[in-house]
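Read in order, the letters of the sequence shown are residues 11 to 74 in the numbering used here. For each residue, glycine too, the CB sits at the ideal point set by N, CA and C. These numbers come from a predicted model, not from an experiment. Below is one structure, written out as structure tokens; comments come after it.
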Amino acid sequence: MSAMSDHYLARAADCAAEASTSTLANVRDRLLRSEQAWRAMAEQLLRTERLRNARTAGATDGLA
11 MSAMSDHYLA RAADCAAEAS TSTLANVRDR LLRSEQAWRA MAEQLLRTER
61 LRNARTAGAT DGLA
């Protein structure tokens, strides 16, 4: 994992923790939506990194 994906996942965890202690429904809902958004960004970044690594590995195989 990259530092950026770790950051995204940490923000998602922060939102989830805050949502679990929120007494206001609208604040809890906003935090849960934010958690989903942070997790989606982390997943997209990880998917992009995997594809980039696979492409790089494939490009270097032909050089050997």
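Would you check if the distance between the CB atom of Ser15 and the CB atom of Ala67 is smaller than 8 Å?
Taking the sequence shown and counting its residues from 1, the one referred to as residue 15 is at position 5. Taking the sequence shown and counting its residues from 1, the one referred to as residue 67 is at position 57. Cβ atoms of Ser15 and Ala67: not closer than 8 Å.
By the three-class DSSP mapping on this structure, what secondary structure does Thr66 have?
In the sequence shown, the residue the question calls residue 66 occupies position 56. In the structure shown, Thr66 sits in a helix (DSSP, three-state: H, G or I).
Going by the CB atoms, is the gap between Ala29 and Leu41 shorter than 8 Å?
Walking along the sequence shown from the start, residue 41 turns up at place 31. Walking along the sequence shown from the start, residue 29 turns up at place 19. The answer is yes: Cβ separation under 8 Å.
If we ignore side chains and look at the alpha-carbon of each, how far apart do Arg38 and Ala69 end up?
Here residue 38 refers to the residue found at position 28 when the sequence shown is read from its first residue. Here residue 69 refers to the residue found at position 59 when the sequence shown is read from its first residue. Rounded to whole angstroms, Arg38 to Ala69 spans 47 Å at the Cα level.
Using only the alpha-carbon positions, how far apart do Arg43 and Thr33 sit?
Working through the sequence shown from its first residue, we reach residue 43 at position 33. Working through the sequence shown from its first residue, we reach residue 33 at position 23. Taking the straight line joining both Cα atoms gives about 16 Å.
Neighbourhood of Leu55 by C-beta distance below 8 Å, restricted to the same chain and skipping five residues each side:
On the sequence shown, residue 55 is found 45 positions in, with the first residue counted as 1. Cβ neighbours of Leu55 beyond the five flanking positions: Ser12, Met14, Ser15 and Tyr18.
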